[in-house]
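Visitor: If you scroll down you'll find the structure; I have some questions about it.
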Amino acid sequence: FSDDMDGLRKVPDNVPNADMLTAHLEKPLTRVPDPFETHDSFGAHNNARLQTFLDRFEFDYEFASATDYYASGRMDETLLKILANYEAVTGIILPTLGEERRKTYSPFLPICPTSGKVLMVPLTARDETAGTISYSHPESGEDITTPVTGGACKLQWKADWAMRWVALGVDYEMAGKDLIESVTLSSKICRAIGGTPPEGFNYELFLDENGEKISKSRGNGLTIEQWLTYAAPESLSLYMFQSPRKAKQLHFDVIPKNVDDYLTFLNKYSTQTPEEQLTNPVWHIHGGKPPSGDLPVSFALLLNLVSVSNADDKNVLWGFIKNYAPEASPEDLPILDAMAEYAVAYYHDFVKPTKSYRAPDETEKQAMIFLRDKLNDLSGDLDAETIQTEVYAIGKTYFEDNLRDWFKALYEVLLG
Numbered sequence: 002f003s004d005d006m007d008g009l010r011k012v013p014d015n016v017p018n019a020d021m022l023t024a025h026l027e028k029p030l031t032r033v034p035d036p037f038e039t040h041d042s043f044g045a046h047n048n049a050r051l052q053t054f055l056d057r058f059e060f061d062y063e064f065a066s067a068t069d070y071y072a073s074g075r076m077d078e079t080l081l082k083i084l085a086n087y088e089a090v091t092g093i094i095l096p097t098l099g100e101e102r103r104k105t106y107s108p109f110l111p112i113c114p115t116s117g118k119v120l121m122v123p124l125t126a127r128d129e130t131a132g133t134i135s136y137s138h139p140e141s142g143e144d145i146t147t148p149v150t151g152g153a154c155k156l157q158w159k160a161d162w163a164m165r166w167v168a169l170g171v172d173y174e175m176a177g178k179d180l181i182e183s184v185t186l187s188s189k190i191c192r193a194i195g196g197t198p199p200e201g202f203n204y205e206l207f208l209d210e211n212g213e214k215i216s217k218s219r220g221n222g223l224t225i226e227q228w229l230t231y232a233a234p235e236s237l238s239l240y241m242f243q244s245p246r247k248a249k250q251l252h253f254d255v256i257p258k259n260v261d262d263y264l265t266f267l268n269k270y271s272t273q274t275p276e277e278q279l280t281n282p283v284w285h286i287h288g289g290k291p292p293s294g295d296l297p298v299s300f301a302l303l304l305n306l307v308s309v310s311n312a313d314d315k316n317v318l319w320g321f322i323k324n325y326a327p328e329a330s331p332e333d334l335p336i337l338d339a340m341a342e343y344a345v346a347y348y349h350d351f352v353k354p355t356k357s358y359r360a361p362d363e364t365e366k367q368a369m370i371f372l373r374d375k376l377n378d379l380s381g382d383l384d385a386e387t388i389q390t391e392v393y394a395i396g397k398t399y400f401e402d403n404l405r406d407w408f409k410a411l412y413e414v415l416l417g
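Per the numbering used here, the very first residue in the sequence shown carries number 2; after that it's consecutive.
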């Protein structure tokens with residue numbers, strides 16, 4: 002259900018053509034021009050993005066637009082119930098408001114017939130029989146009477162939520178921790194107009210990298226499209242699946258861990274008993290039929306490989322992958338092939354722009370020259386252990402007091 006009839010309260014910080022939006026503040030989102038210039042309105046643009054997300058994750062859904070539902074009359078019967086129980090509804094909300102707000106509060110927000118704005122005005126009269134409310138226009142002072150039905154009005158948030166539950170027969174609804182009070186008040190309103198509140202579930206909030214609440218207007222979060230640029234949908238599903246009652250940070254740095262956590266669960270699945278499989282997240286992510294997940298390398302290793310090799314495409318990575326798993330191929334392991342492409346994208350957008358090298362000091366320079374010459378002197382097929390032994394030996398020769406400085410120098414000088 003899209004609240005696309007809500008008024009635009011402020012211009013978002015993360016949209017184009019922001020100056021244009023200023024002239025349309027307080028109008029319903031479906032009456033605000035689309036700043037992205039792709040749809041008939043800002044509301045339609047947002048609705049399209051929401052449906053694209055739902056389609057991508059194969060949700061079975063019926064899309065509902067508040068604008069359409071109000072205008073079509075689908076909410077009319079319940080709107081009239083709100084009007085008929087006006088005193089009961091306001092009696093629930095008023096104790097939660099400050100003194101000044103109590104003087105002007107009304108659950109009904111009329112749409113201005115001239116400006117098209119959503120008005121937050123006190124009522125001067127209401128007529129339950131006619132199904133109308135009256136108010137004084139905030140600018141002209143004109144006395145206006147308008148029906149509460151047919152899209153001429155919308156409801157304040159808590160009353161709107163309760164009205165929706167009753168009108169649509171909602172029996173289950175999840176909400177974030179920050180809306181617990183709203184759930185309580187909307188449930189009371191729902192009962193006041195003869196309805197039964199839905200069963201619910203409260204989940205924790207998403208936080209940015211600084212531990213601050215993610216704000217739609219600030220745009221300090223991570224979009225679905227951005228996540229899916231660097232990782233498969235299953236990794237995002239796992240992120241959403243785990244610990245719903247725990248606040249979780251949502252930023253680019255959490256992506257690699259969720260990819261590898263998903264692969265770990267996938268690899269375990271085939272070795273688990275049926276009872277254990279039911280508690281494995283991949284059973285739920287894949288509807289009880291997870292794919293084979295025995296992959297030879299992790300996403301973290303792929304990120305290290307692409308960083309070391311400065312790879313521009315996944316084919317370069319596959320050359321390294323085959324050193325770990327000679328029998329592996331993109332055709333046989335499409336999941337790994339996709340991971341290689343994601344790793345290249347993640348590296349180029351987040352690692353490469355901040356990657357830097359430094360020149361070695363004289364001791365480091367001599368040690369690295371000696372390492373180069375030593376490796377050149379070694380003949381035949383060298384295994385990793387032999388090479389590692391030589392690296393350690395040279396480090397002990399030149400950095401006897403602190404071997405850690407040797408490896409730090411190798412990374413900072415050679416790998417970045």
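Every residue, glycine too, gets a C-beta built ideally from N, C-alpha and C.
Look at the Cβ atom of Val309, then the Cβ atom of Ala326, and state whether they are nearer than 9 Å.
Guide: Residue mapping note: residue 309 aligns to position 308 of the sequence shown, counting from 1. Residue mapping note: residue 326 aligns to position 325 of the sequence shown, counting from 1. In this structure, Ala326 does not lie closer than 9 Å to Val309 by Cβ.
Visitor: From this set, Ala65, Glu226, Phe408, Asp4, which residue's C-alpha is nearest Trp158's C-alpha?
Guide: Translated into the one-based positions of the sequence shown, residue 158 becomes position 157. Among Ala65, Glu226, Phe408, Asp4, the Cα nearest to that of Trp158 belongs to Asp4.
Visitor: Answer yes or no: do Gly170 and Leu206 have a C-beta to C-beta separation smaller than 9 Å?
Guide: For the purposes of this step, residue 170 is taken as the residue at position 169 of the sequence shown. For the purposes of this step, residue 206 is taken as the residue at position 205 of the sequence shown. No, Cβ-Cβ distance for Gly170 and Leu206 is not below 9 Å.
Visitor: I need the DSSP call for Pro148, collapsed to helix, strand or coil.
Guide: Start at 1 with the first residue of the sequence shown, and residue 148 comes out as number 147. Three-state DSSP puts Pro148 in a strand.
Visitor: Identify whether Thr230 lies in helix, strand or coil by the three-state DSSP scheme.
Guide: If you number the sequence shown from 1, residue 230 lands on position 229. Note: Thr230 maps to helix in three-state DSSP.
Visitor: Where DSSP assigns a beta bridge to Ile112, which residues make up the other side?
Guide: As a position in the sequence shown, residue 112 is number 111, starting the count at 1. Val119, per the DSSP bridge assignment.
Visitor: Out of Thr79, Leu303, Glu59, Gly396, which one is the CA nearest neighbour of Ile336?
Guide: Sequence index remark: in the sequence shown, residue 336 carries index 335 (1-based). The option with the nearest alpha carbon to Ile336 is Leu303.
Visitor: Is Lys315 buried or exposed, if buried means 16 or more other CB atoms sit within 10 Å of its CB?
Guide: Counted from its first residue, the sequence shown places residue 315 at position 314. The residue is buried, with at least 16 neighbouring Cβ atoms inside 10 Å.
Visitor: Report the rounded CA-to-CA distance for Phe266 versus Ile322, giving the unit in angstroms.
Guide: Working through the sequence shown from its first residue, we reach residue 266 at position 265. Working through the sequence shown from its first residue, we reach residue 322 at position 321. Distance between the alpha carbons of Phe266 and Ile322 is about 21 Å.
Visitor: Which residues does DSSP list as the beta-bridge partners of Cys154?
Guide: By 1-based counting over the sequence shown, the position of residue 154 is 153. BP columns for Cys154 point to Pro111.
Visitor: I'd like to confirm the pairing. Which residues does DSSP put opposite Gly201 in its beta bridges?
Guide: As a first step, residue 201 must be located in the sequence shown, where it is residue number 200. DSSP output for Gly201 lists Glu174 as bridge partner(s).
Visitor: With burial defined as no fewer than 16 other Cβ atoms inside 10 Å of the residue's Cβ, what is the status of Ser271: buried or exposed?
Guide: Locating residue 271 in the sequence shown gives position 270, where the first residue counts as 1. The residue in question, Ser271, is exposed, as its Cβ has fewer than 16 Cβ neighbours within 10 Å.
Visitor: Straight-line CA distance for Leu376 to Ile388?
Guide: Within the sequence shown, residue 376 is the residue found at index 375, counting from 1. Within the sequence shown, residue 388 is the residue found at index 387, counting from 1. Spanning the two alpha carbons is a distance of roughly 8 Å.
Visitor: Taking 7 Å as the limit between beta carbons, can you name the residues of its chain near Ser71, skipping five residues before and five after?
Guide: The count along the sequence shown starts at 1 and reaches residue 71 at position 70. Residue identity check: residue 71 is Tyr in the sequence provided, not Ser. Met6, Gly152, Lys155, listed in sequence order.
Visitor: If I'm right that Thr91 touches Pro108 with Cβ under 8 Å, what's the distance once you round it to whole angstroms?
Guide: Translated into the one-based positions of the sequence shown, residue 91 becomes position 90. Translated into the one-based positions of the sequence shown, residue 108 becomes position 107. Rounded, the Cβ-Cβ distance is 7 Å, consistent with contact.
Visitor: Taking the alpha-carbon positions, what's the Ile93 to Ile215 distance?
Guide: Locating residue 93 in the sequence shown gives position 92, counting from the first residue. Locating residue 215 in the sequence shown gives position 214, counting from the first residue. If I take the Cα positions, the gap works out to 29 Å.
Visitor: Report the residue ranges of all beta strand (DSSP E) runs contained in full by the region 287-352; include only those spanning at least 3 residues, in chain order.
Guide: Correct list: empty.
Visitor: So, under 8 Å CB-CB, His252 and Leu223 are touching, yes? Tell me the CB distance rounded to an integer number of Å.
Guide: By 1-based counting over the sequence shown, the position of residue 252 is 251. By 1-based counting over the sequence shown, the position of residue 223 is 222. About 6 Å; that satisfies the 8 Å criterion.
Visitor: Is DSSP giving Ala49 helix, strand or coil here?
Guide: Along the sequence shown, read from residue 1 onward, the residue named residue 49 stands at position 48. If DSSP states are grouped into helix, strand and coil, Ala49 belongs with the helices.
Visitor: Mapping the DSSP letters down to three states, classify Phe242 as helix, strand or coil.
Guide: As a first step, residue 242 must be located in the sequence shown, where it is residue number 241. Phe242: helix per DSSP, three-state reduction.
Visitor: So, at 8 Å on beta carbons, what are the nonlocal neighbours of Asn221 in its own chain, with the 5 sequence-adjacent residues on each side left out?
Guide: Position 220 of the sequence shown, counted from the first residue, corresponds to residue 221. Here the set comprises Asp209, Glu213, Ile215.
Visitor: Using the C-alpha atoms, what's the distance from Asn403 back to Lys366?
Guide: For this step, residue 366 is matched to residue 365 along the sequence shown. For this step, residue 403 is matched to residue 402 along the sequence shown. Answer to the nearest angstrom: the Cα atoms are 16 Å apart.
Visitor: DSSP on Arg127, reduced to helix/strand/coil?
Guide: Taking the first residue of the sequence shown as 1, we reach residue 127 at position 126. Three-state result, Arg127: strand.
Visitor: Report the CB separation of Ala89 from Ala193 in whole angstroms; it is logged as a contact under 8 Å.
Guide: As a position in the sequence shown, residue 89 is number 88, starting the count at 1. As a position in the sequence shown, residue 193 is number 192, starting the count at 1. Contact flag correct, Cβ pair sits at about 4 Å.
Visitor: Go to Thr185, then tell me how far its alpha helix (DSSP H) extends in each direction, as first and last residue.
Guide: Counted from its first residue, the sequence shown places residue 185 at position 184. Taken as a continuous stretch (DSSP letters only), the alpha helix (DSSP H) holding Thr185 covers 181-193.
Visitor: In angstroms with no decimal places, state the Cα-to-Cα distance between Thr146 and Pro17.
Guide: By one-based count along the sequence shown, residue 146 stands at place 145. By one-based count along the sequence shown, residue 17 stands at place 16. Computed Cα separation, rounded: 38 Å.
Visitor: How about Gly201 and Val167: are their beta carbons less than 9 Å apart?
Guide: Numbered from its first residue, the sequence shown carries residue 201 at position 200. Numbered from its first residue, the sequence shown carries residue 167 at position 166. No. Outside cutoff.
Visitor: Pairing CB atoms from the region 35-48 with CB atoms from the region 125-136, are three or more of them under 8 Å?
Guide: The region 35-48 is not in contact with the region 125-136.
Visitor: So what's Gly142 in DSSP terms, helix, strand or just coil?
Guide: For this step, residue 142 is matched to residue 141 along the sequence shown. It is coil, neither helix nor strand.
Visitor: Quick one: Cα of Glu386 to Cα of Tyr393, how far?
Guide: The residue given as residue 386 occupies position 385 in the sequence shown. The residue given as residue 393 occupies position 392 in the sequence shown. About 10 Å.
Visitor: Which of the three DSSP states is assigned to Lys258 in this structure?
Guide: Taking the sequence shown and counting its residues from 1, the one referred to as residue 258 is at position 257. Note: Lys258 maps to helix in three-state DSSP.
Visitor: Which one of Leu279, Tyr263, Arg219 has the shortest CA to CA distance from Asn15?
Guide: As a first step, residue 15 is located in the sequence shown; it is residue number 14 there, counting from the start. That would be Arg219, whose Cα lies nearest to the Cα of Asn15.
Visitor: Hey, could you find the ends of the alpha helix (DSSP H) Ser42 is sitting in?
Guide: Position 41 of the sequence shown, counting from 1, holds the residue named residue 42. It is not in any alpha helix (DSSP H) - Ser42 carries neither H nor E in the DSSP assignment.
Visitor: Considering only residues of the same chain and omitting the five flanking positions on each side of Lys118, which have a CB-CB separation below 6 Å?
Guide: Here residue 118 refers to the residue found at position 117 of the sequence shown. Glu27, Lys28.
Visitor: Measure the Cβ-Cβ separation of Gln242 and Leu264 and say whether it is below 9 Å.
Guide: As a position in the sequence shown, residue 242 is number 241, starting the count at 1. As a position in the sequence shown, residue 264 is number 263, starting the count at 1. The sequence shown places Phe at residue 242, not Gln. Not in contact: Phe242 and Leu264 (Cβ atoms no closer than 9 Å).
Visitor: If I follow the unbroken alpha helix (DSSP H) through Tyr70, where does it start and stop?
Guide: Here the question's residue 70 lines up with position 69 in the sequence shown. Start and end: 67-73.
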